[in-house]
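The block underneath contains the structure these notes are about, expressed in structure tokens.
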Amino acid sequence: MDDKILQIDNLKKYFPLRNGLVVKAVDDVSLRLGVGETLGLVGESGSGKSTIAYVLIGMYEATSGKVFYKGEEILRNGLRRTLKQKSEIQIVFQDPGSSLNPKRTIRQSLSVPLRIHSRGSSNQSLNEQVDSLLEEVELPRDFADKYPTALGGGERQLVSVARALAANPSLIILDEPTSALDVSIQAKVISKLIDLQREKSLSYLFITHDLSLMRNVADRVAILYLGRLCEQAPAAEFFENPLHPYTKMLLSSIPVVTLEEENMKPAKIRSSGEIPSPVNVPPGCAFHMRCRDKMPVCELERPVMREVSRGHEVCCHLEI
Amino acid sequence: MRDGMIAVDDLLLEISDLSVTFDVFGHGYHVLDGISFQARKGERIGLVGESGCGKTSTLKAILRVLPRNAVINGGSVSFSGKDVYKMSGRELDLMRRNGAGMIFQDPSSALNPVFTIESQFLTALKYSSDAGAPRSELYSRAAQALENVMLADPERIMKSYPYQLSGGMKQRVCIAMTIAAGRQLMLADEPGTSLDVTIQDQILRLINQLVQDKNLAVIMVSHSLGVIRESTSYVNIMYAGTIVESGGTEDVFKKPAHPYTVALMACVPKLTGEELSKGIPGRVPDYSEPPVGCRFSARCQFARDVCGRMKPPRTEISPEHFVSCYFAGEGF
Numbered sequence: 267m268d269d270k271i272l273q274i275d276n277l278k279k280y281f282p283l284r285n286g287l288v289v290k291a292v293d294d295v296s297l298r299l300g301v302g303e304t305l306g307l308v309g310e311s312g313s314g315k316s317t318i319a320y321v322l323i324g325m326y327e328a329t330s331g332k333v334f335y336k337g338e339e340i341l342r343n344g345l346r347r348t349l350k351q352k353s354e355i356q357i358v359f360q361d362p363g364s365s366l367n368p369k370r371t372i373r374q375s376l377s378v379p380l381r382i383h384s385r386g387s388s389n390q391s392l393n394e395q396v397d398s399l400l401e402e403v404e405l406p407r408d409f410a411d412k413y414p415t416a417l418g419g420g421e422r423q424l425v426s427v428a429r430a431l432a433a434n435p436s437l438i439i440l441d442e443p444t445s446a447l448d449v450s451i452q453a454k455v456i457s458k459l460i461d462l463q464r465e466k467s468l469s470y471l472f473i474t475h476d477l478s479l480m481r482n483v484a485d486r487v488a489i490l491y492l493g494r495l496c497e498q499a500p501a502a503e504f505f506e507n508p509l510h511p512y513t514k515m516l517l518s519s520i521p522v523v524t525l526e527e528e529n530m531k532p533a534k535i536r537s538s539g540e541i542p543s544p545v546n547v548p549p550g551c552a553f554h555m556r557c558r559d560k561m562p563v564c565e566l567e568r569p570v571m572r573e574v575s576r577g578h579e580v581c582c583h584l585e586i
Numbered sequence: 000m001r002d003g004m005i006a007v008d009d010l011l012l013e014i015s016d017l018s019v020t021f022d023v024f025g026h027g028y029h030v031l032d033g034i035s036f037q038a039r040k041g042e043r044i045g046l047v048g049e050s051g052c053g054k055t056s057t058l059k060a061i062l063r064v065l066p067r068n069a070v071i072n073g074g075s076v077s078f079s080g081k082d083v084y085k086m087s088g089r090e091l092d093l094m095r096r097n098g099a100g101m102i103f104q105d106p107s108s109a110l111n112p113v114f115t116i117e118s119q120f121l122t123a124l125k126y127s128s129d130a131g132a133p134r135s136e137l138y139s140r141a142a143q144a145l146e147n148v149m150l151a152d153p154e155r156i157m158k159s160y161p162y163q164l165s166g167g168m169k170q171r172v173c174i175a176m177t178i179a180a181g182r183q184l185m186l187a188d189e190p191g192t193s194l195d196v197t198i199q200d201q202i203l204r205l206i207n208q209l210v211q212d213k214n215l216a217v218i219m220v221s222h223s224l225g226v227i228r229e230s231t232s233y234v235n236i237m238y239a240g241t242i243v244e245s246g247g248t249e250d251v252f253k254k255p256a257h258p259y260t261v262a263l264m265a266c267v268p269k270l271t272g273e274e275l276s277k278g279i280p281g282r283v284p285d286y287s288e289p290p291v292g293c294r295f296s297a298r299c300q301f302a303r304d305v306c307g308r309m310k311p312p313r314t315e316i317s318p319e320h321f322v323s324c325y326f327a328g329e330g331f
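In the order they appear, the protein sequences are chains E and H. Just so we're aligned, residue 267 is where the first sequence starts under my numbering, counting upward by one. Just so we're aligned, residue 0 is where the second sequence starts under my numbering, counting upward by one.
Here is the structure:
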């Protein structure tokens with residue numbers, strides 16, 4: 267238990283609609299995240315990635331399931347998280363343009379969490395703390411008195427990272443932190459995130475739709491489809507030996523830049539079909555309608571997650 | 000493909016040395032500088048670069064739909080042998096009706112949410128066909144086009160409102176609207192960027208198929224090197240309003256020669272897990288005062304004095320592979 271910073275057991279988040287239907291945004295998801303580790307949570311739009319993030323930071327109440335943070339349950343209904351627990355789990359959102367208040371200077375935005383969580387030694391003034399936060403993400407000090415609009419996208423995202431760091435967290439949820447950025451800027455932000463993780467032994471839950479980025483960043487990769495997990499494995503194993511038909515389709519759809527990468531793609535799995543509506547999840551395996559290896563059982567029975575090799579779990583009826 | 004064997008009339012689009020300045024409150028922003036490339040029937044030409052490098056402005060310049068404050072201060076664009084900026088109103092109209100059409104990044108905002116697909120499709124077709132074509136004929140042409148983009152059940156699609164269709168389906172509808180009028184040049188502005196990767200894959204395959212079947216030319220604009228590599232035959236790498244490198248796609252990706260191309264490739268995360276570069280230092284230059292010489296010089300780790308002072312020549316380092324750099328081919 268001790269080496270796990272986060273443990274999610276059978277998490278469900280359903281959104282009832284007015285017409286009596288239910289959106290099963292997250293349906294029975296279990297995940298583990300070790301201290302200092304990065305877990306890449308990958309899925310297409312509507313797969314429930316962000317819903318999981320919002321449940322973890324307490325923006326949504328889970329329908330059922332348990333979440334343990336450092337061994338303590340943090341999701342029990344009616345349980346108010348302590349300030350300490352709140353400060354431990356921070357989030358960086360996708361679009362720094364809308365997650366930073368345009369009417370506040372960077373200094374004002376960074377001061378709020380500093381004041382609430384009273385980080386650092388008390389003999390440091392708030393301004394000094396803001397300066398040192400900016401230093402941690404390698405932004406110049408004079409940025410503190412600028413407004414977000416004066417900054418580039420990458421710089422704004424680094425400010426968001428600094429704001430998360432202000433609470434002195436152990437776990438940061440990165441919700442598509444670089445998908446709004448150009449690749450040259452993305453590379454800059456990613457390398458900063460990796461440095462910070464090493465310095466502060468942070469744990470990251472990295473939510474993304476960009477599977478190739480996870481090759482560089484994640485220690486473990488988990489694939490979501492329609493609110494359910496398909497496959498999870500240590501990153502190296504995952505990319506060398508993808509097993510779930512959906513994972514294979516995803517990998518073969520990625521546009522790549524080198525021949526070596528082309529050769530890594532599972533051969534000739536052509537993408538087809540679209541992700542169905544989460545209101546109307548097909549019975550049995552959620553992926554069966556797009557799966558070329560579909561068997562009769564796939565339409566009837568929901569497969570269960572099973573371990574096929576050390577740490578490599580697949581949720582599929584196929585013999586693997 | 001480009002060995003002179005192709006008849007001259009296959010040449011659909013020729014842009015030579017195009018320069019565009021945007022006038023903003025009396026300040027000139029030199030957004031495009033010396034853009035040149037051609038497109039022949041059956042060719043897939045890529046424009047790739049980061050945000051703000053002038054990809055979309057180039058497309059808009061082709062259709063002559065740049066905003067009013069844009070000034071063409073050099074070069075020319077010609078479509079089917081005619082200079083787009085010397086065309087009469089009627090000729091321009093004709094080019095837009097039957098010659099060249101654009102597919103936009105976000106199909107949800109390209110389609111009008113309050114009209115059915117049928118209504119907007121037929122309006123578009125009416126504009127691009129001869130006056131007086133009966134509605135039933137327009138309808139069957141639209142339905143045929145929807146079938147060509149692999150949409151099952153065209154009749155249901157025609158009755159739908161955009162919100163009733165998925166992103167991928169909407170993009171297929173937009174593509175169908177472009178090809179239905181028999182246009183020969185497709186300008187695709189990030190056609191898969193707003194879609195999921197498995198859907199993007201399908202859309203790119205569809206465009207490739209249409210280029211083949213209908214002998215179209217396509218200008219594919221994307222910020223993603225991967226997309227460009229997999230969907231074009233010839234590529235132009237853009238940086239800050241200039242083309243820094245161009246050539247056969249396979250060639251350029253195998254042997255990138257401009258320092259910017261090399262640096263950009265190193266920033267792309269790869270499935271093989273090569274270590275990611277730490278980004279490209281510095282920022283894109285200010286378009287109101289771009290460097291006199293190479294626009295990348297201020298960020299280039301190989302730059303010497305001459306780079307900032309004089310524009311580098313376009314050098315052919317191997318057949319049909321051009322690099323605008325003083326030290327091209329020296330291997331960075």
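Yeah, the Cβ is synthetic: ideal placement off N, Cα and C, and Gly gets one too.
For Leu10/H, decide whether its Cβ has a neighbour in chain E, counting only Cβ atoms nearer than 9 angstroms. As a first step, residue 10/H must be located in the second sequence, where it is residue number 11. It does not: the Cβ of Leu10/H has no partner Cβ on chain E nearer than 9 angstroms.
Within 9 angstroms of any Cβ in chain H, is that where the Cβ of Gly493/E sits? The residue you call residue 493/E lines up with position 227 of the first sequence. Answer no: the Cβ-Cβ gap between Gly493/E and chain H never drops below 9 angstroms.
For Leu447/E versus Gln423/E, is the C-beta spacing smaller than 9 angstroms? By 1-based counting over the first sequence, the position of residue 447/E is 181. By 1-based counting over the first sequence, the position of residue 423/E is 157. A contact, by the Cβ cut-off of 9 angstroms.
Any beta-carbon of chain H closer than 9 angstroms to the one on Leu424/E? Residue mapping note: residue 424/E aligns to position 158 of the first sequence, counting from 1. Leu424/E does not count as touching chain H.
Taking Ser135/H as part of the alpha helix (DSSP H), name the residues at either end of that continuous run. Here residue 135/H corresponds to residue number 136 of the second sequence, with the count starting at 1. Start and end: 134-147.
Within the 9 angstroms Cβ cut-off, does Phe301/H reach chain E? Along the second sequence, one-based indexing puts residue 301/H at 302. No, Phe301/H does not count as interfacial toward chain E.
Sequence-distant residues of its chain with Cβ nearer than 6 angstroms to Thr192/H (five each side left out): On the second sequence, position 193 is the one that residue 192/H refers to. Only Gln104 meet the Cβ criterion.
Give, in chain order, every unbroken run of the beta strand (DSSP E) that is at least 3 residues long and sits entirely within the stretch 202-240 of chain H. 216-221, 233-238
So if I threshold CB-CB distances at 9 angstroms, which residues from the stretch 195-207 of chain H count as touching chain E? Asp195, Val196, Thr197, Ile198, Gln199, Asp200, Gln201, Leu203, Arg204
Starting from Ser317/H, find everything on chain E with Cβ-Cβ shorter than 9 angstroms and list it in chain order. As a first step, residue 317/H is located in the second sequence; it is residue number 318 there, counting from the start. What Ser317/H touches in chain E: nothing, since even the nearest Cβ is about 18 angstroms away.
May I have a chain-ordered list of the alpha helix (DSSP H) segments no shorter than 4 residues that lie completely inside the stretch 431-507 of chain E? 449-466, 477-483, 501-506
Please state whether DSSP places Gln37/H in a helix, a strand or coil. Mapped onto the second sequence, residue 37/H falls at position 38. Strand.
Is there at least one Cβ from chain E nearer than 9 angstroms to Ile279/H's Cβ? By 1-based counting over the second sequence, the position of residue 279/H is 280. Closer than 9 angstroms: yes.
Do you know how far the Cα of Val574/E is from the Cα of Val295/E? Residue numbering aside, residue 295/E sits at position 29 when the first sequence is read from its first letter. Residue numbering aside, residue 574/E sits at position 308 when the first sequence is read from its first letter. Roughly 18 angstroms between the two C-alpha positions.
Using a Cβ-Cβ distance under 9 angstroms, would Ala502/E count as near chain H? Within the first sequence, the letter at position 236 stands for residue 502/E. True, the Cβ-Cβ gap to chain H drops below 9 angstroms.
Given Met267/E, which residues of its chain have a CB within under 7 angstroms of its CB, disregarding the five upstream and five downstream residues? As a working note, residue 267/E is residue 1 in the first sequence. Since pLDDT at Met267/E reaches only 42, below the 50 mark, its modelled position is unreliable, and no value is offered.
What did DSSP end up calling His554/E once you bin it into helix, strand or coil? For this step, residue 554/E is matched to residue 288 along the first sequence. The answer is helix: DSSP assigns His554/E an H, G or I state.
Does chain E have any CB closer than 9 angstroms to the CB of Pro268/H? Here residue 268/H corresponds to residue number 269 of the second sequence, with the count starting at 1. Cβ-Cβ to chain E under 9 angstroms: yes for Pro268/H.
So, with DSSP's three-state summary, where would you put Cys52/H? By 1-based counting over the second sequence, the position of residue 52/H is 53. DSSP places Cys52/H in coil when its eight states are reduced to three.
Return the residue from the list Gly309/E, Pro282/E, Ala291/E, Thr371/E that minimises the CA-CA distance to Cys496/E. As a first step, residue 496/E must be located in the first sequence, where it is residue number 230. When each option's Cα is compared against that of Cys496/E, the closest is Gly309/E.
Taking DSSP's pairing of strands, which residues face Val580/E in a bridge? For the purposes of this step, residue 580/E is taken as residue 314 along the first sequence, with counting starting at 1. Answer is Glu497/E, Arg572/E.
Cβ-based neighbour list, Leu376/E, same chain, cut-off 7 angstroms, excluding 5 preceding and 5 following: Reading the first sequence from its first residue, position 110 is the one you call residue 376/E. Closer than 7 angstroms at Cβ, skipping near neighbours: Val396, Leu399, Ala428, Arg429, Ala432.
Using a Cβ cut-off of 9 angstroms, pull out every chain E residue sitting near His222/H, in sequence order please. Within the second sequence, the letter at position 223 stands for residue 222/H. In chain order: Asp448, Val449.
Among Asn285/E, Leu287/E, Leu299/E, whose alpha-carbon lies nearest the alpha-carbon of Asp269/E? The residue you call residue 269/E lines up with position 3 of the first sequence. Asp269/E has its Cα closest to that of Leu299/E, out of Asn285/E, Leu287/E, Leu299/E.
Per DSSP, cross-strand counterpart(s) of Phe21/H: As a working note, residue 21/H is residue 22 in the second sequence. Looking at the DSSP assignment, Phe21/H forms a beta bridge with Tyr28/H, Ala69/H.
Please report the distance separating the alpha-carbon of Pro282/E from that of Pro280/H. Position 16 of the first sequence holds residue 282/E. Position 281 of the second sequence holds residue 280/H. About 48 angstroms.
Apart from the five residues just before and just after His578/E, which ones in its own chain have a Cβ nearer than 6 angstroms to its Cβ? Sequence index remark: in the first sequence, residue 578/E carries index 312 (1-based). Once the five neighbours on either side are set aside, the close Cβ partners of His578/E are Ala499, Glu503.
Quick check on Arg282/H - is its C-beta less than 9 angstroms from some C-beta in chain E? As a first step, residue 282/H is located in the second sequence; it is residue number 283 there, counting from the start. Closer than 9 angstroms: yes.
Answer with buried or exposed for His26/H, where buried requires no fewer than 16 other C-beta atoms within 10 angstroms of its C-beta. By one-based count along the second sequence, residue 26/H stands at place 27. Label assigned to His26/H: exposed.
Kindly indicate if chain H contains any beta-carbon less than 9 angstroms away from that of Lys560/E. In the first sequence, the residue the question calls residue 560/E occupies position 294. No, its Cβ sits nowhere closer than 9 angstroms to a Cβ of chain H.
Nearest residue (CA-CA) to Ile227/H, options Gln208/H, Tyr259/H, His257/H, Pro190/H: Start at 1 with the first residue of the second sequence, and residue 227/H comes out as number 228. For the residues Gln208/H, Tyr259/H, His257/H, Pro190/H, the minimum Cα distance to Ile227/H belongs to Pro190/H.
To which residues of the same chain is Ala349/H closer than 8 angstroms at the C-beta, ignoring the five residues directly before and after it? The structure shown does not extend to residue 349/H, since chain H is modelled only from 0 to 331, so the question has no answer here.
Of all the CB atoms in chain E, is at least one closer than 9 angstroms to the CB of Thr271/H? Residue numbering aside, residue 271/H sits at position 272 when the second sequence is read from its first letter. Judged by the 9 angstroms Cβ criterion, Thr271/H is in contact with chain E.
For the stretch 20-40 of chain H, which residues have a CB atom closer than 8 angstroms to at least one CB atom of chain E, in sequence order? none
Outcome for Thr524/E when other beta-carbon atoms lying within 10 angstroms are tallied against a minimum of 16: As a position in the first sequence, residue 524/E is number 258, starting the count at 1. Label assigned to Thr524/E: buried.
Assign Gln356/E to one of two classes, buried (16 or more other C-beta atoms within 10 Å of its C-beta) or exposed (fewer than that). For the purposes of this step, residue 356/E is taken as the residue at position 90 of the first sequence. With 16 or more Cβ atoms within 10 Å of its Cβ, Gln356/E is classed as buried.
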